[in-house]
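Colleague: Heads up: the sequence shown begins at 125 in the working numbering, then just goes up one per residue. Ideal placement from N, C-alpha and C gives every residue a C-beta, glycine not left out. Quick one: the structure is below, questions incoming.
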Amino acid sequence: MTMQDAKLTVAMIPDPVPGQGEVLVDVLACGICGTDLHCAAHAPELNAATKVATGIELMDLSRPIVFGHEFVGRVVSYGPGAQTRIPVGRRVVSMPVLPREQPVLLGFAGPEAPGAYAERMVLSEPLLIEVPDHVSTEVAALTEPLAVAYRTVARAELVSDDVPLVVGCGPIGLAVIAVLKMKGVGPIVACEFSPERRALAQRLGADVVVDPRETSPFEALITAAATNDPARMAAPTTLLGQLPLRPTVAFECVGVPGVIDKPVEEILKRYASTGPIIRKLVFPAPKIREKCMRSLYRMNITNATLFPDLDGLAKSIAFELEIIWKGLVAEPQASHSRGDDRLIPP
Ligand SMILES: [Zn+2]
């Protein structure tokens with residue numbers, strides 16, 4: 125399936141050819157990411173925003189784009205110079221990148237390096253991670269968004285006693301909640317307009333879930349972070365001195381135009397005025413709206429680590445995935461209960 129001029133079309137494209145150290149895979153499953161929807165509907169705006177943020181446009185819109193960056197593939201054949209360490213027929217996931225001389229972001233390039241909305245795609249052998257037999261293809265297809273959430277939480281560099289606020293409970297917000305729960309961080313405060321997503325947030329381990337139309341997420345966070353134990357309190361603030369609060373971290377996971385305005389604006393305002401109370405604000409992915417980009421710049425928060433250097437990346441991702449698959453996916457019950465005994469009442 126290709127996208128051009130905001131239209132998705134089923135088209136015939138030739139099989140891509142694996143280059144040096146690359147592998148051809150059959151696509152078994154692929155998630156439809158919110159980014160795909162944004163790209164289909166707002167490709168020129170997205171290009172303009174990435175140009176502002178990074179200096180380059182995400183997509184070459186003069187040609188069709190083949191989306192799909194949350195995938196599971198089955199190894200078909202290897203290109204020249206590959207080590208063929210994973211047997212043909214095995215299932216694999218990969219970071220959606222081809223680290224060629226001209227790097228390709230898989231899922232945002234043309235038919236010669238298609239994303240997983242194609243039947244076949246080319247991946248880089250060093251980035252391949254074999255999917256263990258006990259993980260279903262459908263679950264393995266969640267690897268990329270879960271890895272984004274895992275990395276987002278890692279970037280928050282949580283200190284013990286941090287109380288997290290997750291703003292927006294779409295797939296990434298939910299995944300962030302799951303990773304926080306897996307790590308035993310809490311109580312987790314989440315806010316979301318949709319009742320269905322609030323229910324999901326609760327199932328994944330959020331302890332306090334609010335509808336921002338009814339309850340201020342900021343107030344909910346402050347209530348959850350309250351403590352009388354001086355040992356658990358955040359460092360004193362310059363303006364307000366020592367507050368009876370644990371340190372807090374906010375994860376902004378909204379990314380939907382229109383929804384962003386209320387709770388996030390409030391958080392941004394409060395963050396700007398009470399920076400020391402919310403110790404850190406973390407964004408999982410580049411935002412497509414310029415407004416949000418501006419907010420990022422205004423607050424001097426960079427987002428460069430979504431696709432960090434490739435050195436050692438496969439290794440670190442494999443390590444993280446093992447944790448995710450073990451702690452989150454393979455034993456969801458265990459991950460739900462883990463850390464509960466550490467939770468303090470708000
Ligand atoms: Zn995605």
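1. Tell whether a beta-carbon distance below 8 Å holds between R209 and D285.
2. Do the CB positions of R370 and T347 come within less than 8 Å of each other?
3. Taking the C-alpha atoms as reference points, what is the distance between D331 and V200?
4. Report back the beta-carbon spacing between I312 and K305 to the nearest angstrom; my notes put them in contact at under 8 Å.
5. Is it buried or exposed, E268, if we count other Cβ atoms within 10 angstroms and call 16 or more buried?
6. Can you determine whether any heavy atom of ligand 1 sits closer than 7 Å to the C-beta of P269, and answer yes or no?
7. When you compare each of M219, I189, P250, G310 to G203 by their alpha carbons, which one comes out closest?
8. Just the C-alpha distance for M136 and G239, rounded to the nearest angstrom, thanks.
9. Would you grab the beta carbon distance between G205 and M245 for me? Rounded to a whole angstrom, and I think it's under 8 Å.
10. For the beta strand (DSSP E) containing V151, name the first residue and the last one.
11. Tell me, to the nearest whole angstrom, how far the beta carbon of P140 is from that of L148; I am working on the premise that it is less than 8 Å.
12. Considering only heavy atoms of ligand 1, does any lie closer than 7 Å to the CB of E236?
13. Within 7 Å: the Cβ of E194 and any heavy atom of ligand 1?
14. Quick check: the Cα distance between A278 and T126, rounded to an integer number of angstroms?
15. So which residues touch the region around ligand 1, with touch meaning a C-beta under 5 Å from any heavy atom?
16. Would you say the beta carbon of I296 is closer than 7 Å to some non-hydrogen atom of ligand 2?
17. In angstroms, rounded to a whole number, what distance separates the CA positions of I253 and G365?
18. According to DSSP, is M306 helix, strand or coil?
19. Strictly by DSSP, which residues pair up with A314?
20. According to DSSP, is N376 helix, strand or coil?
21. Could you pull the DSSP bridge partners for Y202 from this structure?
22. Between V309 and T276, is the Cβ-Cβ spacing less than 8 Å?
23. For a test of the three-state rule: what should DSSP assign to F232, helix, strand or coil?
24. Starting from A350, follow its DSSP beta bridges and name the residues at the other end.
25. What residues in its chain sit with their C-beta under 6 Å from that of D129, if we drop five residues either side in the sequence?
26. Alpha carbon to alpha carbon, how far is A81 from E146?
27. Taking 8 Å as the limit between beta carbons, can you name the residues of its chain near G143, skipping five residues before and five after?
28. Classify G329: buried if its beta carbon has 16 or more other beta carbons within 10 angstroms, exposed otherwise.
29. Look up G197 in the DSSP assignment and say whether it is helix, strand or coil.
30. Do V272 and A264 come within 8 Å of each other at the CB atom, strictly closer than that value?
31. Tell me which residues share the same chain as V228 and place their Cβ nearer than 6 Å to its Cβ, disregarding the 5 neighbours each side in the sequence.
32. According to DSSP, is V190 helix, strand or coil?
Modeller: With the given structure in hand:
1. no
2. no
3. 45 Å
4. 7 Å
5. buried
6. yes
7. P250
8. 14 Å
9. Between M245 and G205 the Cβ distance is about 19 Å, and since that is not below 8 Å, they are no contact.
10. 146–154
11. 7 Å
12. no
13. yes
14. 34 Å
15. C157, T159
16. Ligands present in the displayed structure are limited to ligand 1, and ligand 2 is not among them.
17. 49 Å
18. helix
19. V290, V333
20. Per the sequence shown, the amino acid found at residue 376 is Glu instead of Asn. It is a strand residue.
21. V147
22. no
23. coil
24. L369
25. none
26. Past the boundaries of the shown model lies residue 81; the chain is included only from 125 to 470, so the question cannot be answered.
27. G203, P204, R224, V246
28. buried
29. strand
30. no
31. L222, A237
32. strand
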